[in-house]
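Peer 1:
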Amino acid sequence: MSGIPLRELSLHDRYKLLCGVVVPRPIALVTTLDDNGAVNAAPFSFFNVFSEDPPLIVLGLQHKPDRTPKDTTRNIRRDGEFVVHMVDEALASTMNDCAVDFPSGESEVVATGLATLPSVDVKVPRLAAAPFALECRRSVALSFAPGRELLVGEVLRIHARAGLVDTNNMYVDFAAYRPIGRLFGNLYSYQREPFAMDRESYSQWSARLRTGDENRAGDGTDKPSGDGKPSGDS
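So for the sequence shown, our numbering puts the first residue at 2; every next one is plus one.
If you want it as structure tokens, here you go:
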């Protein structure tokens with residue numbers, strides 16, 4: 002097989018393939034304010050953290066079929082402020098309700114009965130039920146097609162539910178967090194069984210190979226001990 006050329010696929014099939022391959026994806030439930038002050042809430046799974054210096058997240062924004070911006074895109078363009086909420090198991094059903102195609106101007110927050118709290122650095126309220134809320138300011142938005150934008154936002158402040166973060170070492174209690182991930186179609190995933198793999202230096206890796214240790218990190222034969230904290234890029 003010589004691979005699947007994406008340019009030869011329909012947009013629908015490209016979407017299906019990419020969403021089925023890149024899994025699980027974190028979910029951002031984003032609140033913004035419309036021009037009448039109503040709180041809009043919309044979920045996005047084209048989302049991730051991008052950098053810690055400066056602290057940045059990225060959102061993939063999709064327009065309506067007629068190429069006009071959706072509420073979130075329009076509100077961020079106008080005000081430059083938004084709040085990203087992470088989604089845990091308890092918030093999953095309400096997050097899915099926020100994906101309903103409510104008429105523009107009708108608040109998903111009001112419709113679903115979500116309580117809000119004031120933010121500190123932005124005027125957009127945050128959702129009280131979220132395990133984490135990231136107050137964000139637009140850094141840059143890039144348009145790659147008539148219906149697609151990449152939004153880069155600076156994270157100004159993180160709010161955490163009590164008990165989720167040890168602020169002495171900034172360690173997140175993953176077992177208490179219980180986030181969900183987006184797969185494809187109507188499928189989502191629990192994140193209940195993490196495992197650790199120690200990251201070795203080159204000298205440690207070389208020494209292990211010289212001793213004939215066949216317990217190669219990442220071969221699935223063992224779950225090495227560690228602190229359970231994910232590491233960054235190489």
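Ideal Cβ placement from N, Cα and C applies to all residues, glycine included.
If you're wondering where the values come from, they're calculated on a predicted model, not measured in any experiment.
Mind pulling the alpha helix (DSSP H) runs of 4 or more residues that sit fully within the stretch 67-126?
Peer 2: Segments of the alpha helix (DSSP H) lying fully in the stretch 67-126: 72-80, 93-98 and 109-113.
Peer 1: Are the beta-carbon atoms belonging to His13 and Arg149 less than 9 Å from one another?
Peer 2: Position 12 of the sequence shown, counted from the first residue, corresponds to residue 13. Position 148 of the sequence shown, counted from the first residue, corresponds to residue 149. Against a cut-off of 9 Å, the Cβ pair of Arg149 and His13 comes out as no contact.
Peer 1: What's the gap between the Cα of Phe133 and the Cα of Pro66?
Peer 2: As a first step, residue 133 is located in the sequence shown; it is residue number 132 there, counting from the start. As a first step, residue 66 is located in the sequence shown; it is residue number 65 there, counting from the start. Cα-Cα distance, rounded: 31 Å.
Peer 1: Would Val141 pass as a contact of Leu128 if the rule is Cβ separation under 9 Å?
Peer 2: Translated into the one-based positions of the sequence shown, residue 141 becomes position 140. Translated into the one-based positions of the sequence shown, residue 128 becomes position 127. Not closer than 9 Å, so no.
Peer 1: Output needed for Gly81: all residues of its chain with C-beta closer than 8 Å, excluding positions within five of it in sequence on either side, in chain order.
Peer 2: What you label residue 81 is simply residue 80 of the sequence shown in a count that begins at 1. These residues qualify, in order along the chain: Arg138 and Arg139.
Peer 1: Report the option in Thr95, Phe47, Ser120 and Thr212 whose CA atom is closest to the CA atom of Ala130.
Peer 2: As a position in the sequence shown, residue 130 is number 129, starting the count at 1. Per the Cα distances, Thr95.
Peer 1: Three-state secondary structure (DSSP) at Asp14?
Peer 2: Position 13 of the sequence shown, counting from 1, holds the residue named residue 14. Here Asp14 sits in helix by DSSP.
Peer 1: Looking at Val31 and Ala42, is the spacing between their C-beta atoms short of 9 Å?
Peer 2: By one-based count along the sequence shown, residue 42 stands at place 41. By one-based count along the sequence shown, residue 31 stands at place 30. Result yes, Cβ atoms of Ala42 and Val31 sit closer than 9 Å.
Peer 1: Apart from the five residues on each side of it in sequence, which residues of its chain come closer than 6 Å, Cβ to Cβ, to Asp122?
Peer 2: Counted from its first residue, the sequence shown places residue 122 at position 121. Only Glu136, Leu157 and Arg158 meet the Cβ criterion.
Peer 1: What is the rounded straight-line gap between the Cα of Asn170 and the Cα of Gly164?
Peer 2: Along the sequence shown, one-based indexing puts residue 170 at 169. Along the sequence shown, one-based indexing puts residue 164 at 163. Those two C-alpha atoms are separated by around 13 Å.
Peer 1: Within the continuous beta strand (DSSP E) that includes Ile209, where are the two ends?
Peer 2: Against the sequence shown, residue 209 aligns to sequence position 208. Residue 209 is actually Arg in this sequence, not Ile. Per DSSP, Arg209 belongs to no beta strand (DSSP E); it is in the alpha helix (DSSP H), Tyr203 to Arg211.
Peer 1: Starting from Phe175 and walking both ways along the alpha helix (DSSP H), at which residues does that stretch end?
Peer 2: Along the sequence shown, read from residue 1 onward, the residue named residue 175 stands at position 174. Phe175 to Tyr178 is the extent of the alpha helix (DSSP H) around Phe175.
Peer 1: Within the same chain, show all residues whose beta-carbon is closer than 7 Å to that of Val125, passing over the 5 residues directly before and after it, in chain order.
Peer 2: Here residue 125 corresponds to residue number 124 of the sequence shown, with the count starting at 1. Excluding residues within five positions, the ones whose Cβ falls inside 7 Å are Thr32, Thr33, Leu34, Glu82, Phe83 and Val84.
Peer 1: Mind checking Val22: buried by the 16 CB within 10 Å criterion, or exposed?
Peer 2: Here the question's residue 22 lines up with position 21 in the sequence shown. Result: exposed.
Peer 1: Ala29 and Leu60 - do their beta-carbons sit closer together than 9 Å?
Peer 2: Here residue 60 is taken as the residue at index 59 of the sequence shown, counted from 1. Here residue 29 is taken as the residue at index 28 of the sequence shown, counted from 1. In this structure, Ala29 lies closer than 9 Å to Leu60 by Cβ.
Peer 1: Straight-line CA distance for Thr212 to Glu201?
Peer 2: Along the sequence shown, read from residue 1 onward, the residue named residue 212 stands at position 211. Along the sequence shown, read from residue 1 onward, the residue named residue 201 stands at position 200. Roughly 15 Å separates the two Cα atoms.
Peer 1: Could you check the C-alpha separation between Ala146 and Trp206 for me, to the nearest Å?
Peer 2: Reading the sequence shown from its first residue, position 145 is the one you call residue 146. Reading the sequence shown from its first residue, position 205 is the one you call residue 206. Distance between the alpha carbons of Ala146 and Trp206: 44 Å.
Peer 1: Should Glu89 and Tyr178 be called a contact, given that it needs their Cβ atoms to be closer than 9 Å?
Peer 2: Along the sequence shown, read from residue 1 onward, the residue named residue 89 stands at position 88. Along the sequence shown, read from residue 1 onward, the residue named residue 178 stands at position 177. First, the residue type needs correcting, since residue 89 is Asp and not Glu in the sequence shown. Going by C-beta atoms, Asp89 is nearer than 9 Å to Tyr178.
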